[in-house]
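Read through the structure below, which is laid out as structure tokens, and then see the notes.
Chains as they are written, first to last, in full-length UniProt numbering: chain L, 1 to 266; chain V, 1 to 627.
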């Protein structure tokens with residue numbers, strides 16, 4: 001078979017004297033070079049279907065035999081050799097045996113992974129325990145991160161009540177009108193007292209005094225009506241319990257207060 | 001909120017190479033005559049003669065400027081010389097499926113990597129479809145890289161399981177380590193963070209995006225923020241909005257004060273408004289701010305103090321000239337929202353998708369945001385809110401509308417009206433994710449015609465099999481119009497009532513589609529066949545609860561080696577069909593996941609298959625069967 005050295009268009013270099021030796025320099029104009037060698041396709045499964053493969057490939061080919069003998073002779077030209085196989089491989093690849101190439105560390109970890117897997121393989125499903133009966137796993141497709149950021153909605157009425165706050169009426173003896181406060185906003189009795197002081201400042205001559213044995217004019221106490229309807233002194237029970245049972249507040253003044261106190265200490 | 005570079009969504013990758021070019025310039029260590037001799041490695045050829053050596057050095061010096069990985073992949077296929085040169089100059093290694101190649105093989109080929117991006121679990125793992133313990137362990141990669149890349153600077157992981165020990169290994173093995181970005185990862189805790197903070201003296205980026213830290217008891221939580229070096233740090237980005245435990249605020253404030261390069265700060269929801277103000281005062285140069293709770297401090301909700309905080313906040317935002325991105329707003333108190341008005345005009349990114357705000361609360365804010373490009377919001381703003389967005393944000397490129405109640409029978413606050421409004425107003429839209437309960441073909445068709453720049457179209461009609469709510473027809477025409485008219489579309493997620501016709505459209509027109517997500521759709525095998533035969537660029541296909549069986553699976557044999565993965569769950573696959581595929585395609589790893597032991601052996605509940613050079617993995621848990 002006659003082998004004609006082919007010069008790439010625009011290539012001024014003299015053709016190499018070695019048989020088959022086309023120096024396949026990649027050029028900027030195209031990637032198809034002066035020679036192609038047929039080699040065993042090493043990654044057949046990765047190649048596109050045969051009809052796509054042959055499109056666009058230059059028509060100069062050497063025979064398999066010629067290629068084989070060349071490969072034996074001039075190893076350094078394999079560097080710039082073009083072939084249908086991928087350049088990342090040395091020789092036609094045989095199907096690999098199932099891989100056992102893993103570092104020891106990963107193997108050691110297998111034990112850990114297994115035990116973890118055994119204990120929680122179904123956790124993913126149970127995470128999505130349906131609140132509504134039509135819930136299915138992973139639908140709508142929202143990441144758990146986002147799902148967990150919004151607590152599940154409670155029953156509408158309950159939710160509304162929670163959102164609205166715990167407003168109770170506050171009355172002060174002698175004041176012309178009542179006020180309403182949101183008990184949820186306060187964390188404890190002291191804040192509640194401060195807030196009520198602020199609220200009723202305009203109605204008192206001086207500070208609301210909580211000391212015992214004060215003169216009759218300025219003594220007052222904060223009382224509340226609980227869910228049983230009884231009048232109670234604020235401050236006896238823990239805050240949370242107070243919030244849950246308080247229905248309205250009343251600032252008592254003067255002699256009534258003394259009466260309350262006497263009753264309390266008797 | 002994730003920025004483009006760390007979002008790692010490849011939807012924009014066609015042009016996304018631009019991002020990478022800006023980040024990772026030519027490697028400093030390439031080229032040079034001496035390198036030919038020192039290069040041992042895989043190739044056992046004798047050293048090439050002088051002219052060849054010059055050629056390779058020239059090549060290396062040229063190739064090092066190639067940054068986009070697709071260009072590099074193409075260059076490496078030309079011939080061995082180019083392959084070698086490219087391998088020597090690749091600075092950023094991107095591995096889209098951690099099981100597609102073994103760590104050893106990757107580190108053997110690419111010797112001079114400074115940045116590694118690694119992805120693990122399939123995306124449906126986010127929706128609890130992949131059982132815990134499935135895999136994607138970072139440990140083998142950490143070990144391999146610790147040995148091979150002592151000069152490694154950056155690691156970005158997505159959906160991988162990372163142990164505290166792995167983080168320790170990172171911290172001790174890479175003295176020049178600069179950038180750790182973890183997206184949707186799990187398995188590590190505050191202890192691992194503490195080691196990173198303490199040992200990585202050159203750390204610039206520590207960014208945790210939707211990571212799931214291990215649950216820790218009170219006394220086990222480590223104060224990792226205090227572990228940063230006490231000297232001036234080079235921190236540029238610190239994001240920990242997903243960390244559940246409280247951080248030591250005094251330490252955080254001090255850290256911010258001694259980090260003059262800090263540009264991005266995303267705090268978790270334990271940081272209240274008054275604390276945020278203090279941080280903003282310390283870091284007036286911030287560009288990206290995650291505002292934490294943006295709600296009142298717990299102890300003091302009294303009227304007077306609220307006003308004071310508001311005034312502080314307003315002054316802090318007014319003083320900021322540089323903020324372009326805001327996120328957080330976890331427990332936003334609506335009276336604080338107006339504080340951000342001064343920065344709205346500069347904002348390019350606004351993520352209030354954790355804030356339950358109404359249309360009336362949104363309008364005054366969005367009215368100022370003329371330059372907004374990315375907007376993530378909850379559907380509580382309703383169609384009215386979206387109309388306000390459409391009226392102002394003419395440059396909007398990405399919109400995500402999340403549902404407050406993510407259940408399929410929830411009320412649904414947005415609808416086709418909102419979608420149509422957006423399409424009218426935001427003509428430059430490139431990416432949309434929209435959750436709703438009511439949709440019409442007409443609105444989707446309108447969007448397909450108005451928004452020609454669409455690259456990502458993800459519509460989730462939450463009720464299953466819901467048709468067009470006006471005409472009661474399937475949503476085939478709408479999605480068909482999208483694939484027909486949006487020529488740049490690379491990512492599509494479909495929903496609602498869909499017949500095989502929709503898939504015929506996708507197969508016929510969706511020539512650029514790379515990622516397709518299907519749920520509760522299709523009538524028969526023909527649907528999947530259309531897609532597998534018609535979409536040559538398909539890379540990632542994830543399907544759930546659709547009537548596709550073995551014949552459909554087998555129709556894609558020619559395609560699977562070109563794809564990164566195929567996921568199918570709750571379809572009509574049987575073990576026979578999967579075995580068939582596994583036998584015909586030896587380089588494909590076919591995993592059958594069975595998390596319910598009582599299910600019969602014939603049906604395949606969950607199938608995950610992917611091409612791999614490494615063969616079947618040996619860290620598979622017992623519920624995974626590799627065929």
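Heads up, the beta-carbon is just placed ideally off N, CA and C, and yes, glycines get one too.
As the structure is a prediction and not an experimental result, all values here were calculated from the model.
Nonlocal neighbours in the same chain, by C-beta distance under 8 angstroms from residue i, ignoring five residues either side
| i | result |
| --- | --- |
| residue 118(L) | Annotation note: pLDDT 39 at residue 118(L) (below 50); position unreliable, no value reported. |
| residue 657(V) | This structure cannot speak to residue 657(V), because chain V is shown only from 1 to 627. |
| residue 100(V) | 564, 610, 611, 612, 613 and 614 |
| residue 528(V) | 503, 522, 543, 546, 548, 552, 553, 555 and 556 |
| residue 180(L) | 167, 168, 169 and 170 |
Pair within 9 angstroms by beta-carbon distance, residue i and residue j
| i | j | result |
| --- | --- | --- |
| residue 120(V) | residue 145(V) | no |
| residue 461(V) | residue 492(V) | no |
| residue 225(V) | residue 248(V) | yes |
| residue 140(L) | residue 175(V) | no |
| residue 294(V) | residue 256(V) | no |
| residue 187(V) | residue 241(V) | no |
| residue 237(V) | residue 264(V) | yes |
| residue 478(V) | residue 442(V) | yes |
| residue 432(V) | residue 393(V) | no |
| residue 430(V) | residue 387(V) | no |
| residue 227(L) | residue 172(L) | no |
| residue 90(V) | residue 151(V) | no |
| residue 136(V) | residue 98(V) | yes |
| residue 475(V) | residue 498(V) | yes |
| residue 581(V) | residue 560(V) | yes |
Residues near residue i by beta carbon distance below 6 angstroms, same chain, minus five either side
| i | result |
| --- | --- |
| residue 482(V) | 448 and 457 |
| residue 541(V) | 516 and 566 |
| residue 39(V) | Note that residue 39(V) scores a pLDDT of 41, beneath 50, so its modelled location is shaky; the value from the coordinates is reported in the next line. Excluding sequence neighbours, residue 39(V) sits near nothing in its chain. |
| residue 577(V) | 550 and 553 |
| residue 277(V) | 312, 313 and 316 |
| residue 109(L) | Confidence at residue 109(L) is low in this model, with a pLDDT of 37, below 50, so its placement is unreliable and the value that follows should be read with caution. Taken in chain order, the list of residues that qualify is empty. |
| residue 625(V) | 592 |
Own chain partners of residue i with C-beta closer than 7 angstroms, once the 5 adjacent residues on each side are dropped
| i | result |
| --- | --- |
| residue 221(V) | 190 and 245 |
| residue 195(V) | 167, 168 and 171 |
| residue 207(L) | Any reading at residue 207(L) is ruled out, since the residue's pLDDT is 45, under 50, leaving its predicted position unreliable. |
| residue 199(V) | 171 and 172 |
| residue 470(V) | 440 |
| residue 423(V) | 446, 447, 450 and 451 |
Partner residues on chain V for residue i, Cβ-Cβ distance less than 7 angstroms
| i | result |
| --- | --- |
| residue 141(L) | 127 and 460 |
Beta bridge counterpart(s) of residue i as assigned by DSSP
| i | result |
| --- | --- |
| residue 197(V) | Beta-bridge pairing links residue 197(V) to no other residue. |
| residue 591(V) | 608(V) and 626(V) |
| residue 426(V) | Residue 426(V) pairs with nothing; no bridge assigned. |
| residue 225(L) | 231(L) and 248(L) |
| residue 517(V) | 493(V) and 542(V) |
| residue 568(V) | 543(V) and 607(V) |
| residue 167(L) | 182(L) |
Within chain L, the residues that residue i reaches when beta carbons sit closer than 7 angstroms
| i | result |
| --- | --- |
| residue 81(V) | 79 and 80 |
| residue 435(V) | 140 |
| residue 261(V) | Correct list: empty, because the minimum Cβ distance to chain L is about 29 angstroms. |
| residue 210(V) | 143 and 145 |
| residue 398(V) | Per Cβ cutoff of 7 angstroms: no residues; residue 398(V) is ~17 angstroms from chain L at best. |
| residue 605(V) | Ordered by position in chain L, no residue passes the 7 angstroms Cβ test against residue 605(V), which lies about 11 angstroms from the chain. |
Chain-ordered chain L contacts of residue i [CB-CB under 9 angstroms]
| i | result |
| --- | --- |
| residue 354(V) | 146, 149 and 150 |
| residue 124(V) | 138 and 141 |
| residue 242(V) | 145 |
Within chain L, partners of residue i - CB distance below 8 angstroms
| i | result |
| --- | --- |
| residue 402(V) | 142 and 146 |
| residue 85(V) | Chain L residues near residue 85(V): none, gap ~10 angstroms exceeds 8 angstroms. |
| residue 251(V) | What residue 251(V) touches in chain L: nothing, since even the nearest Cβ is about 25 angstroms away. |
Interface partners of residue i on chain V, CB under 8 angstroms
| i | result |
| --- | --- |
| residue 137(L) | 127, 128 and 129 |
Residue i Cβ short of 8 angstroms to the ligand GTP heavy atom set
| i | result |
| --- | --- |
| residue 392(V) | For the ligand GTP, the structure offers nothing, since it holds no ligand at all. |
Residue-level contact to chain C via CB, residue i, 9 angstroms cutoff
| i | result |
| --- | --- |
| residue 512(V) | As a matter of chain content, chain C is missing from the structure shown, whose protein chains are L and V. |
### Task
Count the CB pairs spanning the segment 176–184 of chain V and the segment 208–216 of chain V that are closer than 8 angstroms, and state whether there are at least three.
Flag = yes, the segment 176–184 of chain V and the segment 208–216 of chain V touch.
### Task
Say whether the segment 403–410 of chain V touches the segment 364–376 of chain V, bearing in mind that this needs 3 or more beta-carbon pairs closer than 8 angstroms, one atom from each stretch.
Pairwise C-beta distances place the segment 403–410 of chain V out of contact with the segment 364–376 of chain V, as fewer than three of them are shorter than 8 angstroms.
### Query
Can at least three beta-carbon pairs, one atom from the segment 352–365 of chain V and one from the segment 307–321 of chain V, be found at a separation below 8 angstroms?
no
### Query
With contact counted as at least three CB pairs below 8 angstroms, one residue from each stretch, are the segment 183–190 of chain L and the segment 228–247 of chain L in contact?
In this structure the segment 183–190 of chain L lies against the segment 228–247 of chain L, because at least three pairs of beta carbons, one per stretch, are closer than 8 angstroms.
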